[in-house]
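K.L.:
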Amino acid sequence: MKSLLTILLIALTFISCSDKRERNYQYFPNMYQSVPYDTYGEYEIFPEEQEALQVEEASIPRGFTPYEYEDSAEGYDKAKEELKNPLPYTEANLAEGRQLYTIYCATCHGDKGNGKGYLVEREKILGVPSYDDQGRAITEGSVYHVMWHGINTMGSYASQMDNEELWLVDHYVMQLKDELEGKDPRAFESEKETESE
-16 MKSLLTILLI
-6 ALTFISCSDK
4 RERNYQYFPN
14 MYQSVPYDTY
24 GEYEIFPEEQ
34 EALQVEEASI
44 PRGFTPYEYE
54 DSAEGYDKAK
64 EELKNPLPYT
74 EANLAEGRQL
84 YTIYCATCHG
94 DKGNGKGYLV
104 EREKILGVPS
114 YDDQGRAITE
124 GSVYHVMWHG
134 INTMGSYASQ
144 MDNEELWLVD
154 HYVMQLKDEL
164 EGKDPRAFES
174 EKETESE
């Protein structure tokens, strides 16, 4: 009888201490509630010589190509003369450039590149020039430079599109310019030519 009473008391103790909302016993409390550590904080558990790796000052993210032309009139002129589109002028690249242009550019510049996009028609933005304006005489390099840095009320698109996408849009903008000027369409480069290069 005495042993039965002892067992009952032990069982009641365990039952009365239980809480259905939380775990009763935590053998490794850090597994349930992690201790927050700041990346570059100093803590006793870490040896003094061990710390998080600092990013080197001159490093660049993987897949990112730095743009070396500065955001100035001189940088614009230099890019206008020197920069050439590295992507082959193929039907697939032009189609992809058209899609990106429709997403990012057509609302202001218009589907035809004449500066009469949706926002211009609604008079939300004024003074968007046409791609065939004589005073501008845009080139592949100048278009890329403006998309990278932005100009006047047009912001930079370097954060929305990667390098390749900017060059794809560049192809399409130059095609719209040729259409506005009444030039014959540029011939596509064949797949064999681009593979051999």
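The opening residue of the sequence shown carries number -16 in my numbering; numbering runs sequentially from there. Note that CB positions come from ideal geometry on N, CA and C, so glycine has one too. In this text, all values refer to a predicted model and were calculated from it rather than measured experimentally.
Could you check where the alpha helix (DSSP H) with LEU137 kicks off and where it finishes?
P.N.:
Before going on, a small fix: residue 137 reads as Met here, not Leu. Careful: MET137 lies outside any alpha helix (DSSP H) and carries neither H nor E.
K.L.:
Report yes or no: do three or more beta-carbon pairs, one from the segment 88 to 96 and one from the segment 60 to 76, lie closer than 8 Å?
P.N.:
Taking 8 Å as the limit for Cβ pairs, the verdict is that the segment 60 to 76 does not touch the segment 88 to 96.
K.L.:
Do ASP115 and LYS160 come within 8 Å of each other at the CB atom, strictly closer than that value?
P.N.:
It is a contact, given that the beta carbons lie within the stated cut-off.
K.L.:
Between the Cα of ASP145 and those of GLY80, LYS166 and ASP167, spot the shortest distance and give me the residue it belongs to.
P.N.:
The candidate whose alpha carbon is nearest that of ASP145 is GLY80.
K.L.:
Measuring alpha carbon to alpha carbon, tell me which of PHE47, MET14 and GLY24 ends up nearest SER142.
P.N.:
Among PHE47, MET14 and GLY24, the Cα nearest to that of SER142 is on PHE47.
K.L.:
Taking the CB atoms as reference points, tell me whether LYS166 and GLY124 lie closer together than 8 Å.
P.N.:
No, Cβ-Cβ distance for LYS166 and GLY124 is not below 8 Å.
K.L.:
Pop quiz: LEU151 and ASN97 are said to be a contact at Cβ under 8 Å. What is the actual Cβ separation, rounded to whole angstroms?
P.N.:
Not confirmed; about 21 Å, so no contact.
K.L.:
As a quick exercise: from ALA78, HIS92 and GLU164, pick the residue whose alpha carbon is nearest that of GLN117.
P.N.:
Cα-wise, what sits closest to GLN117 is GLU164.
K.L.:
Between the C-alpha atoms of TYR84 and THR22, what's the straight-line distance to the nearest angstrom?
P.N.:
Roughly 41 Å between the two C-alpha positions.
K.L.:
DSSP three-state call for TYR72: helix, strand or coil?
P.N.:
Coil, per DSSP.
K.L.:
Looking at C-beta atoms only, is the number of pairs between the segment 49 to 63 and the segment 125 to 141 that lie closer than 8 Å three or more?
P.N.:
The segment 49 to 63 vs the segment 125 to 141: in contact.
K.L.:
Over the uninterrupted alpha helix (DSSP H) stretch that includes ALA89, give me the two end residues.
P.N.:
Taken as a continuous stretch (DSSP letters only), the alpha helix (DSSP H) holding ALA89 covers 89 to 92.
K.L.:
Are there 16 or more other CB atoms within 10 angstroms of the CB of TYR20, so buried, or fewer, so exposed?
P.N.:
Exposed is the call here.
K.L.:
If we ignore side chains and look at the alpha-carbon of each, how far apart do TYR101 and GLU147 end up?
P.N.:
Their backbone Cα atoms lie some 26 Å apart in a straight line.
K.L.:
Restricting to Cα atoms, I'd like to know which of LYS107, VAL38 and LYS67 is closest to HIS154.
P.N.:
When only C-alpha atoms are compared, the closest one is LYS67.
K.L.:
Quick check: is any heavy atom of the ligand MG less than 7 Å from the C-beta of HIS92?
P.N.:
This structure simply doesn't include the ligand MG, nor any ligand for that matter.
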